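K.L.:
The structure follows.
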DNA sequence: GCCGTCGATGATATCGCTATCATATTGTCA
DNA sequence: TGACAATATGATAGCGATATCATCGACGGC
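Chains as they are written, first to last, in full-length UniProt numbering: chain A, 1 to 339; chain B, 1 to 339.
Structure (structure tokens):
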């Protein structure tokens, strides 16, 4: 192998092949009008010298860093990893790279996000909830002319390209499932209030209740934060009372697992004494016992599509319409008919 | 706010402040020999124009992209996220950004990793297992003169800066714990064979067995792959036999949860009928019931320290000695004395 | 046979910044 | 007070690529 200790430049390649740098550049970028024979000679020189173009120099002149940012806040590892995998899957054969930019709280530092992105020199950004729903973030992004694609927004559908699932329909579906099992005393554990998805899911639940002529009890609606701990506490409050519900709708799996744990603490069997369902189909949903009945959220697909949309924009194409990915009700063992 | 649609350059700032670009550059980079009054004027111009230096241009001239790569293969989301959080925590106040580079199988594409890194234009790379243990990867990295820092290597301790935990001692400790509860019929579920940690942990187990004069049964050693599914299958094989073990040492938590599920399928109570312990203290360890007795692996700390070591190298400092972070035996409910 | 077009190549400016060196201006000490 | 160092600033040349424009043949049509 060529063991040169210093990286070779386009000039070295040009010299080795006996042509101008521009011609090398033409070959590199697959521009037309270079004779076959010359191309071969240049390609050989590139291999010989183990040449790889300097991405920074390319970026400087093309005004493009080939860096894509991914903004998220979600604390659930499996959600985050799915998100990243989806984005990376789309980037695999491109020369774009992914810079991860978790933000402690999008809500609190919405105005800082743009300068974070500018400092990171990304060409564009994929926004996961709740950043994808934040008006300030979107406004600043537009002011800074930074292309973006939104994952699972619930508001302002006209703003920028987006990929989503139908949160309302999904929530309605899982609530209807509980109702179909015969449950009428159904409690709800809501997610983080700053995430709009929690409102959308709540709406879906209410629609299902209305369809079944069941009126939800307000004192059975608990506020959580999409975390295991908040689910545990909410579960304790709901289940440790004489008039406890026969089923719990948790707005994500982590909280559902928390509620599961609360039931266990109180000696209640799931699903015999209380049914518990989640939302997301995160990894734990399959790992706990009983395995959670839940809604599979197409996180990977949404991330991949959003990344695709962003790339289209960066390459000068059009945004394309919002794309909705299908969800799926996964029936497992954590819910059954009430006794 | 300055609403200029085009980004301003250092030239604009220089013009606005009535100085040369070099002087602006000096202020930007905190070089000495600029009068207080001038500094203030330049800073004001920077704010006024909302100027942020072009990272690509800086990188081109400084031969530095300010990008750090993170290579990992581990399929466990909570491990990956911990790793990233640790690295990001250290990078928070630096101007380096993190590019995530998951690799399907380090073992299969060891030689491609360097060209992947060169294409990504990273200044250096943090290697998580098993890349941190792979001789080919390390050799190629050195040939390419790409600085690296290793997380949790088990071999070749002299190669490059590294942070680790004492896998052997940790494994010995958790095995000793099972022995101290009175278990003698102990099975083992091993992890991915290409990861050296699985050998180290096995060694630790054997040391504990030897200390207690217990000889391990070879037919109670199952091969897994650090995944839930492999743990489930191994658990089924181990527990569905007349001479089943009274305890299982799983080499990570995902497999331990799999074994837990297998026990449940077979109607065995944990820990009454069989004790199961894991390794890692990943998120699920606290979410399942019974919660897993396990070893807390200081992943976050190792990642943060490794990143720190890499940064030191990049800034011209020395590598520093290998650093060992303490692990911790976490006693929860999944293990008890045998009946 | 002349002009226009297209194909193939090279020379050079430029992207936005920093390094280097040159050039004042001031301060210090024998 | 002169010499020399230290401070303060600017002019200019790159970093390594690409874009633009110029150049030079070859070809085809009338």
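Note that the Cβ used here is the ideal one computed from N, Cα and C, for glycine as well. Quick caveat: nothing in here was measured; it's all calculated off a predicted structure.
(1) Is residue 109 of chain B close to chain A? Criterion is C-beta to C-beta, closer than 8 Å.
(2) Beta-carbon of residue 257 of chain A versus every beta-carbon of chain B: anything under 8 Å?
(3) Does the stretch 162-177 of chain B come into contact with the stretch 90-108 of chain B, if we say contact requires no fewer than three beta-carbon pairs (one atom in each stretch) closer than 8 Å?
(4) So the candidates are A:235, A:166, A:229; which of them puts its Cα closest to the Cα of residue 198 of chain A?
(5) Leaving out five residues on either side along the sequence, give the residues of the same chain with a beta carbon under 8 Å from the beta carbon of residue 20 of chain B.
(6) Suppose you measure from the CA of residue 115 of chain B to the CA of residue 109 of chain B; what does that come to, to the nearest Å?
(7) Cβ atoms of residue 124 of chain B and residue 169 of chain B: under 8 Å apart, would you say?
(8) Please confirm if residue 146 of chain B has its CB atom under 8 Å from at least one CB of chain A.
(9) Flag this pair as yes or no: are the beta carbons of residue 268 of chain B and residue 274 of chain B separated by less than 8 Å?
(10) Taking CB distances under 8 Å as the criterion, tell me whether residue 228 of chain A reaches chain B.
(11) Apply the 10 Å Cβ neighbour rule to residue 243 of chain B and answer buried if 16 or more other Cβ atoms are within range, or exposed otherwise.
(12) Would residue 249 of chain B and residue 331 of chain B qualify as a contact pair, given that the criterion is a beta-carbon distance under 8 Å?
(13) Give me, in chain order, the residues of the same chain whose beta-carbon lies closer than 8 Å to that of residue 263 of chain A; leave out the 5 immediate sequence neighbours on both sides.
(14) What span of residues does the alpha helix (DSSP H) with residue 51 of chain B cover, start to end?
(15) Output yes if chain A places a C-beta closer than 8 Å to the C-beta of residue 55 of chain B; else output no.
(16) Going along chain B, which residues have a C-beta under 8 Å from residue 52 of chain A?
(17) Give a yes or no on whether 8 Å exceeds the smallest Cβ distance from residue 297 of chain B to chain A.
(18) Under 8 Å, do residue 285 of chain A and residue 253 of chain A count as touching if we go by C-beta distance?
(19) Taking 8 Å as the threshold (C-beta atoms), are residue 132 of chain B and residue 151 of chain B in contact?
(20) Going by Cα to Cα distance, which pick from B:40, B:47, B:43, B:94 is closest to residue 310 of chain B?
(21) Between A:153, A:245, A:84, A:179, which has its C-alpha nearest residue 304 of chain A's C-alpha?
(22) How would you write the range of the alpha helix (DSSP H) that residue 229 of chain A sits in, first residue to last?
(23) Measuring only the C-alpha atoms, how far is residue 122 of chain A from residue 210 of chain A?
(24) DSSP state of residue 142 of chain A, grouped into three classes?
(25) Grab the span of the beta strand (DSSP E) containing residue 96 of chain A for me, first residue to last.
(26) Looking only at C-alpha atoms, which of A:130, A:220, A:141, A:145 sits nearest to residue 200 of chain A?
(27) DSSP state of residue 171 of chain A, grouped into three classes?
(28) With DSSP collapsed to three states, give me the class of residue 314 of chain B.
(29) Can you list, in chain order, the residues of its chain with a C-beta nearer than 7 Å to that of residue 321 of chain B? Leave out the 5 residues immediately preceding and following it.
(30) Are the C-beta atoms of residue 60 of chain B and some chain A residue less than 8 Å apart?
(31) If I measure Cβ to Cβ from residue 300 of chain B and keep anything under 7 Å in the same chain, skipping five residues before and after, which residues do I get?
(32) Do residue 177 of chain A and residue 329 of chain A have their beta-carbon atoms positioned less than 8 Å apart in this structure?
(33) Residue 233 of chain A to residue 282 of chain A, Cα distance in whole Å?
(34) How should residue 117 of chain A be labelled, buried or exposed, when 16 other C-beta atoms within 10 angstroms of its C-beta is the threshold for buried?
P.N.:
Considering the structure as presented:
(1) Translated into positions along the second chain, residue 109 of chain B becomes position 109. Output row for residue 109 of chain B: interface = no.
(2) Stepping through the first chain from its first residue, residue 257 of chain A is reached at position 257. Chain B, which has a Cβ nearer than 8 Å to the Cβ of residue 257 of chain A, makes this yes.
(3) no
(4) Residue mapping note: residue 198 of chain A aligns to position 198 of the first chain, counting from 1. It is A:166 whose Cα lies nearest to the Cα of residue 198 of chain A.
(5) Stepping through the second chain from its first residue, residue 20 of chain B is reached at position 20. Once the five neighbours on either side are set aside, the close Cβ partners of residue 20 of chain B are 14.
(6) Position 115 of the second chain, counting from 1, holds the residue named residue 115 of chain B. Position 109 of the second chain, counting from 1, holds the residue named residue 109 of chain B. Distance between the alpha carbons of residue 115 of chain B and residue 109 of chain B is about 11 Å.
(7) For the purposes of this step, residue 169 of chain B is taken as residue 169 along the second chain, with counting starting at 1. For the purposes of this step, residue 124 of chain B is taken as residue 124 along the second chain, with counting starting at 1. No, they are not a contact pair.
(8) In the second chain, residue 146 of chain B corresponds to position 146, counting from 1. Not one chain A Cβ lies under 8 Å of residue 146 of chain B.
(9) The residue labelled residue 268 of chain B in the question sits at position 268 within the second chain. The residue labelled residue 274 of chain B in the question sits at position 274 within the second chain. In contact: residue 268 of chain B and residue 274 of chain B (Cβ atoms closer than 8 Å).
(10) For the purposes of this step, residue 228 of chain A is identified with residue 228 of the first chain, where counting begins at 1. At a cut-off of 8 Å between C-beta atoms, residue 228 of chain A counts as an interface residue with respect to chain B.
(11) Stepping through the second chain from its first residue, residue 243 of chain B is reached at position 243. Burial call: exposed.
(12) Locating residue 249 of chain B in the second chain gives position 249, where the first residue counts as 1. Locating residue 331 of chain B in the second chain gives position 331, where the first residue counts as 1. Cβ atoms of residue 249 of chain B and residue 331 of chain B: not closer than 8 Å.
(13) Counting from one through the first chain, the residue named residue 263 of chain A turns up at place 263. Around residue 263 of chain A: 235, 239, 269, 270, 273, 274, 276.
(14) Within the second chain, the letter at position 51 stands for residue 51 of chain B. In the DSSP annotation of this structure, residue 51 of chain B is not part of any alpha helix (DSSP H), being labelled neither H nor E.
(15) Taking the second chain and counting its residues from 1, one reaches residue 55 of chain B at position 55. At least one CB of chain A lies nearer than 8 Å to the CB of residue 55 of chain B.
(16) Stepping through the first chain from its first residue, residue 52 of chain A is reached at position 52. Ordered by position in chain B, the residues that pass the 8 Å Cβ test against residue 52 of chain A are 115, 118, 119.
(17) Position 297 of the second chain, counting from 1, holds the residue named residue 297 of chain B. With 8 Å as the cut-off, residue 297 of chain B does not count as an interface residue toward chain A.
(18) Locating residue 285 of chain A in the first chain gives position 285, where the first residue counts as 1. Locating residue 253 of chain A in the first chain gives position 253, where the first residue counts as 1. Yes, these two residues count as a Cβ contact at 8 Å.
(19) If you number the second chain from 1, residue 151 of chain B lands on position 151. If you number the second chain from 1, residue 132 of chain B lands on position 132. In contact: residue 151 of chain B and residue 132 of chain B (Cβ atoms closer than 8 Å).
(20) Here residue 310 of chain B refers to the residue found at position 310 of the second chain. It is B:94.
(21) Residue numbering aside, residue 304 of chain A sits at position 304 when the first chain is read from its first letter. Taking each of A:153, A:245, A:84, A:179 in turn and checking the Cα distance to residue 304 of chain A, the smallest one comes out for A:84.
(22) Residue numbering aside, residue 229 of chain A sits at position 229 when the first chain is read from its first letter. Unbroken alpha helix (DSSP H) run through residue 229 of chain A: 228-239.
(23) In the first chain, counting from the first residue as 1, residue 122 of chain A sits at position 122. In the first chain, counting from the first residue as 1, residue 210 of chain A sits at position 210. Whole-angstrom Cα-Cα distance: 46 Å.
(24) Stepping through the first chain from its first residue, residue 142 of chain A is reached at position 142. Residue 142 of chain A falls in the helix class under three-state DSSP.
(25) If you number the first chain from 1, residue 96 of chain A lands on position 96. Residue 96 of chain A -> no beta strand (DSSP E), and no H or E assigned at all.
(26) Locating residue 200 of chain A in the first chain gives position 200, counting from the first residue. When only C-alpha atoms are compared, the closest one is A:130.
(27) As a working note, residue 171 of chain A is residue 171 in the first chain. It is helical.
(28) Translated into the one-based positions of the second chain, residue 314 of chain B becomes position 314. DSSP places residue 314 of chain B in helix when its eight states are reduced to three.
(29) Taking the second chain and counting its residues from 1, one reaches residue 321 of chain B at position 321. Scanning its chain for C-beta atoms nearer than 7 Å, with the 5 sequence neighbours on each side dropped, one finds no residue around residue 321 of chain B.
(30) Position 60 of the second chain, counted from the first residue, corresponds to residue 60 of chain B. For residue 60 of chain B, the answer is yes, since a Cβ of chain A falls inside 8 Å of its Cβ.
(31) Locating residue 300 of chain B in the second chain gives position 300, where the first residue counts as 1. So the qualifying residues of the chain are 82, 85, 86.
(32) Taking the first chain and counting its residues from 1, the one referred to as residue 329 of chain A is at position 329. Taking the first chain and counting its residues from 1, the one referred to as residue 177 of chain A is at position 177. Cβ atoms of residue 329 of chain A and residue 177 of chain A: closer than 8 Å.
(33) Indexing the first chain from 1 puts residue 233 of chain A at position 233. Indexing the first chain from 1 puts residue 282 of chain A at position 282. Straight-line Cα distance between these residues: approximately 20 Å.
(34) Counting from one through the first chain, the residue named residue 117 of chain A turns up at place 117. Buried: at least 16 other Cβ atoms inside 10 Å.
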